[in-house]
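Asker:
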Amino acid sequence: MERSSKSFNFGAYHPLETIYSWMDDLVAAHPNLVTKEQIGTSYEGRPMYVLKFSTGGDKRPAIWVDSGIHSREWVSQATGVWTANKIASDYGTDASLTSLLKTMDIYLLILANPDGYVHSHTSNRMWRKTRSQNSGSTCRGVDPNRNWDAGFGGPGASTNPCSDSYHGPSPHSEIEVKNVVNLVKNHGNFKSFISIHAYSQLLMYPYGYTCKDAFHAAELDSVGRSAVQKLSSLHGTTYKVGSICKIIYQASGGSIDWSYNLGIKYSFAFELRDTGRYGFILPANQIIPTASETWLALKDIMEYVHDHSY
Amino acid sequence: KVFIGDQVIRVNVESEEQIRLLRALEQDTYWDLDFWLHPVNTEIPVDIRVPYSSLYAVKDYLRAHNIQFSVMISNLQELLDEEKAEMEENNM
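So the sequence lines, in the order shown, correspond to chains E and B. If you're matching positions, the first sequence starts at 49 in our numbering and goes up one per residue. If you're matching positions, the second sequence starts at 139 in our numbering and goes up one per residue.
1. Is G272/E helix, strand or coil when you go by DSSP?
2. Can you have a look at R273/E and say buried or exposed, based on whether 16 or more other CB atoms are within 10 angstroms of its CB?
3. To test your reading of the DSSP string, which unbroken beta strand (DSSP E) runs of 3 or more residues are found completely within the segment 281 to 328 of chain E?
4. Using C-beta distances below 7 Å, list every residue in its chain close to Y287/E, excluding the 5 sequence neighbours before and after it, in chain order.
5. Taking contact to mean 3 or more Cβ pairs, one atom from each stretch, closer than 8 Å, check whether the segment 98 to 116 of chain E and the segment 224 to 239 of chain E are in contact.
6. What did DSSP end up calling M225/B once you bin it into helix, strand or coil?
7. What residue range is occupied by the uninterrupted beta strand (DSSP E) comprising K84/E?
8. Say whether chain B places a C-beta atom closer than 8 Å to the C-beta of R94/E.
9. Residues of chain A with CB under 8 Å from I87/E, in chain order?
10. Put Q145/B into one of helix, strand or coil per three-state DSSP.
11. Could you list which residues in chain E have their beta carbon closer than 9 Å to that of M210/B, in chain order?
12. Against chain B, with Cβ distances strictly below 8 Å, would K248/E count as a contact?
13. Which same chain residues end up closer than 7 Å to R120/E when comparing Cβ atoms and leaving out the 5 residues on each side of it in sequence?
14. Quick check on the DSSP output: the beta strand (DSSP E) that includes Y97/E runs from which residue to which?
15. Got a sec? Which residues, its chain only, sit under 6 Å from F200/E by beta carbon, not counting five neighbours each side?
16. Taking the Cβ atom as the reference point for each residue, do I142/B and Q206/B lie within a distance shorter than 8 Å?
17. Of all the CB atoms in chain E, is at least one closer than 8 Å to the CB of N204/B?
18. Could you tell me how far apart the beta carbons of A332/E and Y61/E are, in whole angstroms, since I believe they sit closer than 8 Å?
19. For E154/B and chain E, any beta-carbon pair shorter than 8 Å?
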């Protein structure tokens, strides 16, 4: 059967195997721009793939984007797929994206929690965490966004393995988290770290584990507001901008706090749209509108990062 | 098919006292509630997936404390069934 990335339906939710297979098609269609790299395996042994968009060079300044660390937030993984295709198809025609990719790389981890994603497709649509076994408990899984070494175990994370916000036994205990940590640390030249979640229409920056302002809070706030303005221009979706602690709640062990403390200044987290009616069950016909508006914000942040090297 | 009759209810929190009462509800594991959005402040709504078996008791609790709520999703399983059918159709 002839493979084609053009017949893929971006306006639908797909199981993990379909997305992984589509990644191969994307790479085949854009061999000079996209590579699929395995960054490790999940707890249940599934490969974790990152798509790398690069026009050459070694360890260029790079932008990290991950989606779907919470498995039930399906519109985030779907947005990741659409975004990957958008980057590949707009390279060479979109002047600013093309210019960015001349000097920077983009890494996109579409399925940041593969085991959880499969579990949400096969057994429990409401599953959020990883699928690791917890010693001394019958409850499985750790909240992979409470497992990073950033105020680990502090307020806004649970010590109870049965809780959806269980932080895990130790920082980076989850192999899915550790795989990303290893890649980012080994690379050493990421300038931006963006995590895509759903839902509630927020664009956030550090910190979550403390309500104190990050050193660059004013700049991050300004970048965030500009990005949200672009996002809202497409469909009028309203977003709030602020630090995690101040616009949602204090939450320790989060990924963008870790990346920021590692020195990646432009660290952001999105909570995508839900229209106020569907929560995690956003209908598939809203995937493309969601991804399209998110892309405007993502591109705005990426352009800013490109123009403000440090 | 474990979400038959489950509802997602939305509370537009009006006061610190309501936040306190909702936090108490969140701490109570007996009703097996799944807080999609947590009680934090009066600017962000609280969304709670309530299992069918706990619906009556939870709504009673909210009414007893004069906490206004609306039903965001009236039967979660119906939405999931639609989602699944759409995925299967797309797969074909």
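Cβ coordinates follow ideal geometry from the N, Cα and C atoms, glycine included. Predicted, not measured: the structure shown is a model, and the values here were computed from it.
Answerer: Taking the geometry as given:
1. Here residue 272/E corresponds to residue number 224 of the first sequence, with the count starting at 1. Of the three classes helix, strand and coil, the one that applies to G272/E here is helix, per DSSP.
2. In the first sequence, the residue the question calls residue 273/E occupies position 225. Looking at its Cβ environment, which holds fewer than 16 other Cβ atoms inside 10 Å, R273/E is exposed.
3. 288 to 291 and 314 to 320
4. Taking the first residue of the first sequence as 1, we reach residue 287/E at position 239. Closer than 7 Å at Cβ, skipping near neighbours: Q249, L250, L251, V276, L279 and S280.
5. yes
6. Counting from one through the second sequence, the residue named residue 225/B turns up at place 87. The answer is helix: DSSP assigns M225/B an H, G or I state.
7. The residue you call residue 84/E lines up with position 36 of the first sequence. Counting along the chain, the beta strand (DSSP E) containing K84/E begins and ends at V82 to T89.
8. The residue labelled residue 94/E in the question sits at position 46 within the first sequence. Taking 8 Å as the threshold, the shortest C-beta distance from R94/E to chain B does not fall below it.
9. In the structure shown, chain A cannot be found, because the protein chains are E and B.
10. Taking the second sequence and counting its residues from 1, one reaches residue 145/B at position 7. If DSSP states are grouped into helix, strand and coil, Q145/B belongs with the strands.
11. The residue given as residue 210/B occupies position 72 in the second sequence. Within chain E, the residues near M210/B are G324, R325, Y326 and G327.
12. Numbered from its first residue, the first sequence carries residue 248/E at position 200. The question names Lys, yet the displayed sequence has Ser at residue 248/E. True, the Cβ-Cβ gap to chain B drops below 8 Å.
13. Your numbering for residue 120/E matches position 72 in the first sequence. Only S168, R173, M174, W175, R176 and F328 meet the Cβ criterion.
14. Locating residue 97/E in the first sequence gives position 49, counting from the first residue. Its beta strand (DSSP E) spans residues P95 to F101.
15. Here residue 200/E refers to the residue found at position 152 of the first sequence. Same-chain partners within the cutoff: P219 and G301.
16. If you number the second sequence from 1, residue 142/B lands on position 4. If you number the second sequence from 1, residue 206/B lands on position 68. Result no, Cβ atoms of I142/B and Q206/B do not sit closer than 8 Å.
17. Position 66 of the second sequence, counting from 1, holds the residue named residue 204/B. So no, N204/B is outside the interface.
18. Here residue 332/E refers to the residue found at position 284 when the first sequence is read from its first residue. Here residue 61/E refers to the residue found at position 13 when the first sequence is read from its first residue. Confirmed, about 6 Å.
19. As a working note, residue 154/B is residue 16 in the second sequence. False, the Cβ-Cβ gap to chain E never drops below 8 Å.
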